[in-house]
Structure formats: C-alpha cells, structure tokens
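Right, one structure below, let's go through it.
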Amino acid sequence: MELRMERMTSPEIADALAAGFTTVVVAAGAVEQHGAHLPLFMDAEHGDRLGPEIAARLDKALVAPTIRVGCSAHHMSFAGTVSLERETFLAVCHDYCASLAAHGFRRICFVPTHGGNFEPLKTGLPGLNEAAGAMCSVEAYTDLMEVIDVWREVAETEAELGERVGGHADIAETSVMMALHPELVREDLAEVGHLAKPEDRAALVDRMIREGFAAVTPNGILGDARGGTPEMGEKMIAALADAMVAALQDEGRAEPATGDAV
Ligand SMILES: [Zn+2]
C-alpha cells in the first residue's frame with residue numbers, strides 16, 4: 156500500500172484516515188554540502204526513503220512530504236548549502252502540525268535525517284504540540300548519538316569499518332547514497348575527513364554548531380568516506396528505521412497521547 160501522502164489522492168487519504176491511519180511520519184532533512192563526493196540532497200533523499208520505512212513499521216501510519224531544507228548554518232561556508240534559520244524551520248514544522256492535525260491525524264512523528272535539525276525539534280517540541288492542538292500528540296526522534304552508533308555497528312558487522320563512521324559524508328552516508336542514487340556518488344573523490352574518538356563525539360558536535368563545520372573538517376567530511384557499498388547502505392537504512400521506531404514507541408508509552416482526554 157502507498158503510504159506517501161504526496162503520491163495519494165485526497166479521497167484516498169480521507170479513506171485511510173477513516174480506516175485508522177491517524178499516525179503520520181515527517182522526515183526533516185537538509186540540502187547542504189556533503190564533501191566532494193556526495194550531492195547536496197543527501198539528507199533530504201535519506202528522509203524520503205526513511206519516512207516510508209518508519210511508517211511501515213509503525214501501526215497504521217502515513218508519510219507527510221519530507222521537509223527537505225533544514226538548519227545548516229554550520230555548513231554555510233561550503234558553496235551551495237541552503238539553510239533555514241531555526242525559527243523558520245520550527246515555523247514550517249509548526250504549520251505541518253497544524254495542517255496534519257486539522258485533517259484528523261492524532262500522532263505526528265518527526266524524524267530528523269540531518270544533525271542540525273535535532274536540537275530545534277527537541278527544544279521546539281512543546282510549541283509543536285501546542286500547534287497540533289489537544290486532539291493530536293507530536294513526538295520527535297532526537298538521539299543523534301544513537302544514529303552514529305547504529306551506523307557504526309552496521310559498518311563494523313558488515314566490513315569491520317566501524318571506525319570510519321563519523322556522522323557526516325562518511326562511509327555511512329556514502330553507503331546510503333550508493334543505495335539511493337549510485338549514479339550520483341563520485342566514488343573517486345571519497346576520502347578521509349576528520350576522525351574523532353567516540354568519547355569526543357558529543358563535544359565535537361557542540362564545537363561544529365558553534366564554530367562551523369569547516370573549522371573542524373576542511374573537506375566537509377566527518378569520518379572516512381571510503382569503503383562504502385550499496386548493500387551496507389540498505390542495512391543502515393533498515394537498522395536506523397528500526398532504532399527510530401523503537402525510540403518513538405518508547406516515547407509513546409511514556410507519554411500517552413493527550414488526544415484521548417477530550
Ligand atoms: Zn548528511
């Protein structure tokens with residue numbers, strides 16, 4: 156069954172809602188530099204693929220249009236990056252919530268596929284819940300470090316290359332793009348970038364957000380881009396969808412939807 160709202164007709168969506176498809180997944184990506192070897196739409200396309208994977212794993216869920224451009228201020232010193240201000244990004248999320256809730260969705264799940272969108276979604280969640288109203292609950296996956304752990308485990312299991320996962324334009328994102336659009340990966344330009352020890356990763360993310368990406372990695376890569384395969388990319392997509400769904404379901408249990416109260 157088609158779960159992507161953009162590909163459905165309005166009557167089909169009305170029928171799905173009536174049949175209980177009242178959960179909706181919203182992926183939030185980015186259009187920004189990903190080294191010399193990956194196209195700008197890496198995170199947007201990753202969101203387009205992860206959205207349906209997650210919806211299929213949730214009970215009766217559809218997929219809203221991916222928010223393709225995100226908070227990429229820290230990548231602006233690299234040509235081509237398009238970035239939304241935090242307030243603009245949250246305003247878009249706010250309007251998604253209001254629209255989706257108006258049609259009868261009861262649960263909205265944001266899944267960021269770009270690091271810069273995690274913090275705004277985490278701190279902006281109360282406002283998004285307000286925008287959705289009393290009949291609809293809004294959740295967001297916000298564990299950026301878990302994403303890196305998931306990728307690292309797949310790269311280690313598949314090729315003993317877990318240490319090449321750094322979180323940006325690395326072996327993981329290169330593998331995912333090889334699975335999505337192999338013709339767009341410039342494999343001969345895949346190279347090593349900044350390599351951080353696992354224990355330094357959280358501090359590194361902070362520094363990049365504050366000082367910009369180029370201060371940490373002149374070639375725009377965190378980790379090592381070499382050694383990826385499309386097969387590994389498919390496994391990373393599936394593993395990340397599993398982890399995100401597990402986290403969303405935990406959150407759903409911890410905080411019951413307010414919608415049933417009215
Ligand atoms: Zn990315």
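For the sequence shown, the working numbering gives the first residue as 156, with consecutive numbering after it. We treat Cβ as the ideally placed atom computed from N, Cα and C, and that holds for glycine. These numbers were taken from a predicted model, which means no experiment stands behind them.
In this structure, Met363 has its CB at a distance of at least 7 Å from all heavy atoms of ligand 1. Collapsing the DSSP output to three states places Ser227 in coil. In the three-state scheme derived from DSSP, where H, G and I count as helix and E and B as strand, Cys264 is classed as strand. The Cβ neighbour count for Ala219, taken over all protein chains shown within 10 Å, is at least 16; the residue is labelled buried. According to DSSP, Gly378 shares a beta bridge with Val320. The way I'd put it, the region 395-404 does touch the region 201-214; three or more beta-carbon pairs between them come closer than 8 Å.
For ligand 1, residues qualifying as neighbours are His189, Met197, Asp198, His269, His323 and Glu328, where qualification means a beta carbon closer than 6 Å to at least one of its heavy atoms (chain order). DSSP, read as helix, strand or coil, puts His201 in helix.
Shortest Cα-Cα distance from Met160 to any of Gly175, Val181 and His201 involves Val181.
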